[in-house]
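Visitor: Pasting a structure below so you can have a look.
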Amino acid sequence: MSIGSVPFKFRVSVDPEQCMVCGRCIENCSYGVFSKENERIKVNSRNCVACHRCLAFCPRDAIDIAEKPTDYRSHPVWTRDVREAIFNQAKTGKIILSGMGNAHPYPIIFDQLVLDACQVTNPSIDPLREPMEMRTYLGKKPAALSLKEFPNGDVELLTKLTPNLQIETPIMIGHMSYGAISLNAQTALAKAVSHVGTFMGTGEGGLHESLYPYQKHMIVQVASGRFGVDINYLERGAAIEIKIGQGAKPGIGGHLPGEKVCADVSCTRMIPEGSDAISPAPHHDIYSIEDLKQLVRSLKEATEWKKPVFVKIAAVHNVAAIAAGIARSSADAVVVDGFRGGTGAAPRVFRDHVGIPIEAAIASVDAKLRQQRIRNEVSLIASGGIRESADIAKAIALGADAVYIGTSALVAMGCRVCGTCYRGQCAWGIATQKPELTQRLDPETASVQVANLIHAWTDELAELMGAAGINSIESLRGNRDRLRGYMLDESLMQVLDVKSVGA
Amino acid sequence: MASVHIDARGLHYTPLNQQIRAAVAGGATEIVIDHVLGQRFIGDGLRGDGVTITVNGVPGGDLGMFMSGPTIIVNGNADHAPGNTMDSGTIVIHGSAGDAVAHSMRGGRVFVRDNIGYRGGIHMKQYMEKRPILVIGGAARAFLGEYMAGGLLVVLGLDGSSPISERGLGSGIHGGEIFVRGGVEEKYLGVGARQLAATDAGKKTIEPVLRDFARAFGIDAGPLLTSEYTRITPASARPFANKYTWE
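Taken in sequence, the protein lines are chains P and E. If you're matching positions, the first sequence starts at 249 in my numbering and goes up one per residue. If you're matching positions, the second sequence starts at 36 in my numbering and goes up one per residue.
Structure below.
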């Protein structure tokens, strides 16, 4: 082989002074890093993905993992990643498959926006003392109300309201399918959202029957492969989401490899065991914005207009015009998934180079819908790269009604963002279907952790709002005056419709 | 057998479907809808084994979408995607139909007497006892059986024209099978599809379907049974297995 070996990505070392050769690292590592030889732990660093499972379960803190232990000749253009990708493709001639979200070091707009707080001229609100309205409603709002007043003072609402979803916190969990993640992981998320009073998405993998008890908190997805979709599935969901695109891989479909289609996944998706589950790039009954309207209405008609229908798109260049089209399609919410959105598997070139950041997408969609006076027709859900409560406050101030989180919910269950979900070997039992690995994830414990995270972020959000003198999510929504741009350029601040710090 | 008549003249599809649902809930097993003119979504998400709906006129798109159980007989042409994501039941069209007929269908049968548009049977799939069947009496346009993941598709070319004379047949097919009466020029096959002359054993497997099709339209099954067929199947059940390398 003329290219030969490339340096390790990670070097694993075991401190012999600390190690008691208990073998927990061997049991826990699903990538085959550790073995026992002559009563010592032997390490094969080349297999390590830095998922930290070994380190988390070592009783003596004996394990250390160092990233990129070998230097290349440094070069600002021919980076290590660039060179290693070329080696890989020169050897294989194939598309590079990657996991998790965008790994390219683009600046993060959220980190260049700062939030406001009250001082002297208007009082801040103490959430401990004052009620904070964290509840909000997703779906169409009437443009005007028509009322009938009776002589005795009673009022009757004549306007027919459209079904909305009531959420107790603006934080929901995005669509991660059974197949991409394990049933234990989905169960943990389902228990958490039911407990908190919010919703999660099923992803395009059908709804496993063990999750039926949580169906009132689940948004069922209809994607281009139509896996697991029948009338029962549509009726079970609290809402239905049409997936047009995904931030991690805009414009392309998905392939769940046959290895991940075990007996149970096969029955939930309604496809034969071991077969590839191929979701085409477009929906083949949607070739235009008019066709989208037809799919939205077909889902409403099938469920007798009782369910809100969401449409999820990836954030791309003309996202605002696209969202305006969706808002006129009878859809109840538009989900915009930014280019930092996670995934179990995406071509690296798409993950890192296609799409735009959620901050700019949400701001421009919200502005366009307001300009066209149709903002009330749809709720706006921001998704992709939400890492902390401050991101949620900023996304809402830029115009979102609510957010979807994905990766952060997985991190709450133990995920270390090693980014090798596509290998199906997840040592944390999250992105795998192997029974010996999935059993590592206890849905009870994991659900408490996910619920804790949502509680904590909701509390932080309430504090941030209180400090800014805002007592309801609906008053924060689109409230760009509460944001300032820090070292953002003029054109981006125009898109975001925010002023500079100091202005 | 309770029979219900609905006059669809000037009726929007939502009240039309409400009337159909009410009739099924009321125990009707025969529903006749007259003056249908472009109403979409007829029978959308409808359940009802043993219910037959006769559509007199031209229904709009997504006829019988997500339908589970009923039989729909159309005396006329149909628009885009009849049988879209249909679960079970039967649709018989005494005429032609538009694009994406039987899109993502997972069970039941769609019989079209004449011709269909582009992407017929696209992404049909099967699971256990659910095996969707689409039979086209005339010809189909390009990309028939694209991404097909399961089920059976038959094209007969009964009106004397060539059943397949456009490209992309079975493009990306990774499950199921397509039978075409007569031969298929190799240049019309899509990526991932391969063809062989159907064997007698293969023809035997579709014989009951051909008989049912002939019966549905009152034609003689004889010539269908004695014809030669080409069978198109996937070159691989894993068309994308070798496309990727790990990061």
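Note that the Cβ used here is the ideal one computed from N, Cα and C, for glycine as well.
Leaving out five residues before and five after P:VAL403 in sequence, what residues of the same chain have Cβ atoms less than 8 Å from its Cβ?
Guide: Counting only Cβ-Cβ distances below 8 Å, and skipping sequence neighbours, we find LEU395, LYS396 and GLU397.
Visitor: What would DSSP say about P:MET448, mapped onto helix, strand or coil?
Guide: Reduced to three states, the DSSP call for P:MET448 is strand.
Visitor: Can you find a C-beta in chain P that's less than 8 Å from the C-beta of E:LYS239?
Guide: With 8 Å as the cut-off, E:LYS239 does not count as an interface residue toward chain P.
Visitor: Which chain P residues are close to E:ASN119, counting only those with a beta carbon under 7 Å from its beta carbon?
Guide: Here the neighbours are ASP533.
Visitor: Using only the alpha-carbon positions, how far apart do P:VAL468 and P:GLU489 sit?
Guide: Approximately 6 Å, taken between the alpha carbons.
Visitor: Contact between the segment 517-531 of chain P and the segment 546-564 of chain P: three or more CB pairs below 8 Å?
Guide: Cβ pair count under 8 Å is below three, so no.
Visitor: With a threshold of 6 Å on Cβ separation, who are the neighbours of P:ARG618 within its own chain once the five nearest residues in sequence on each side are excluded?
Guide: So no residue of the chain qualifies.
Visitor: So what does DSSP say about P:MET713, is it helix, strand or coil?
Guide: Three-state result, P:MET713: helix.
Visitor: Using three-state DSSP, classify P:LYS760 as helix, strand or coil.
Guide: With chain P covering 249 to 751 only, the question about residue 760 of chain P has no answer from this structure.
Visitor: Throw me the rounded Cβ distance for the E:GLY130 and E:VAL145 pair, which I believe falls under 8 Å.
Guide: Rounded, the Cβ-Cβ distance is 13 Å, inconsistent with contact.
Visitor: Can at least three beta-carbon pairs, one atom from the segment 334-347 of chain P and one from the segment 692-705 of chain P, be found at a separation below 8 Å?
Guide: These segments do not touch.
Visitor: Is the beta carbon of E:PRO94 less than 8 Å from the beta carbon of E:ILE77?
Guide: The answer is yes: Cβ separation under 8 Å.
Visitor: Using CA coordinates, which residue listed in E:THR261, E:GLY217 and E:THR87 is at the minimum distance from E:THR64?
Guide: Looking at the Cα atoms, E:THR87 is the closest of the given residues.
Visitor: Would you mind giving the Cβ-Cβ distance between E:THR120 and P:VAL665, rounded to the nearest angstrom? I have them listed as a contact below 8 Å.
Guide: With 8 Å as the limit, E:THR120 and P:VAL665 do not qualify as a contact, their Cβ atoms being about 36 Å apart.
Visitor: So which residues on chain P does E:ALA57 lean against when the C-beta distance must stay under 8 Å?
Guide: Going along chain P, no residue has its Cβ under 8 Å from E:ALA57, so there is no contact; the nearest lies around 12 Å.
Visitor: Decide if P:ARG623 is buried, meaning its Cβ has at least 16 other Cβ atoms within 10 Å, or exposed.
Guide: Buried is the call here.
Visitor: Output needed for P:LEU303: all residues of its chain with C-beta closer than 6 Å, excluding positions within five of it in sequence on either side, in chain order.
Guide: Here the set comprises ILE311.
Visitor: Using a Cβ-Cβ cut-off of less than 8 Å, list which residues of the segment 118-151 of chain E approach chain P; keep chain order.
Guide: Answer in chain order: ASN119, THR120, ASP122, ALA135, HIS138, SER139 and ARG141.
Visitor: Quick one: list the residues of chain E neighbouring P:HIS352, beta-carbon separation under 8 Å, in chain order.
Guide: Near P:HIS352 there are no residues of chain E at all, since even the closest Cβ is about 13 Å away, more than 8 Å.
Visitor: In or out: P:THR655 buried (at least 16 other Cβ within 10 Å) or exposed?
Guide: Classification of P:THR655: buried, given that the 10 Å Cβ count is 16 or more.
Visitor: Show which residues of chain P have a CB atom less than 7 Å away from the CB atom of E:GLY96.
Guide: Correct list: GLN542.
Visitor: With 7 Å as the C-beta to C-beta threshold (strictly closer), list the residues of the segment 444-458 of chain P near chain E in chain order.
Guide: Those would be none; no residue qualifies.
Visitor: I'd like to know whether the C-beta atoms of E:SER262 and E:ARG202 end up nearer to each other than 8 Å.
Guide: Against a cut-off of 8 Å, the Cβ pair of E:ARG202 and E:SER262 comes out as no contact.
Visitor: Go through its chain and collect everything with a Cβ distance to P:VAL269's Cβ below 8 Å, but skip five positions before and after it.
Guide: Closer than 8 Å at Cβ, skipping near neighbours: LYS284, GLU287, ARG288 and ILE289.
Visitor: Starting from E:SER103, find everything on chain P with Cβ-Cβ shorter than 9 Å and list it in chain order.
Guide: The contacting residues are ASP478, ILE479 and ASN480.
Visitor: Residues of chain P with CB closer than 7 Å to the CB of E:ASP79, please, in chain order.
Guide: Those within 7 Å of E:ASP79 in chain P are SER546, GLU549 and ALA550.
Visitor: Kindly give me the distance between the Cβ atoms of P:ILE421 and P:MET382, rounded to whole angstroms, as I take these residues to be in contact under 8 Å.
Guide: With a Cβ gap of about 16 Å, P:ILE421 and P:MET382 do not count as contacting.
Visitor: With C-beta atoms as the reference, is E:ILE185 less than 8 Å away from E:GLY211?
Guide: It is Gly, not Ile, that sits at residue 185 of chain E in the sequence shown. Contact flag set, yes.
Visitor: Please return the same chain residues whose Cβ sits closer than 8 Å to the Cβ of P:TYR460, not counting the five positions on each side in sequence.
Guide: ARG484, listed in sequence order.
Visitor: Which one or two residues does DSSP pair with E:GLN230 in a beta bridge?
Guide: E:ILE267.
Visitor: Determine the direct distance from the alpha carbon of E:ARG246 to that of E:ARG176, and round the result to whole angstroms.
Guide: Rounded to whole angstroms, E:ARG176 to E:ARG246 spans 24 Å at the Cα level.
Visitor: Within 8 Å (strictly less), CB to CB, does E:ASN52 reach chain C?
Guide: Chain labels in this structure do not include chain C; the protein chains are P and E.
Visitor: At 3 residues or longer, and completely inside the segment 368-398 of chain P: list those beta strand (DSSP E) runs for me, N to C.
Guide: As far as the segment 368-398 of chain P is concerned, its whole beta strand (DSSP E) runs of at least 3 residues are 384-386 and 395-397.
Visitor: For P:LEU405, decide whether its Cβ has a neighbour in chain E, counting only Cβ atoms nearer than 8 Å.
Guide: It does not: the Cβ of P:LEU405 has no partner Cβ on chain E nearer than 8 Å.
Visitor: From the DSSP output, in three-state form, read off E:LEU169 for me.
Guide: Of the three classes helix, strand and coil, the one that applies to E:LEU169 here is strand, per DSSP.
Visitor: Under the rule that 16 or more other beta-carbon atoms within 10 Å means buried, what is E:HIS138, buried or exposed?
Guide: With 16 or more Cβ atoms within 10 Å of its Cβ, E:HIS138 is classed as buried.
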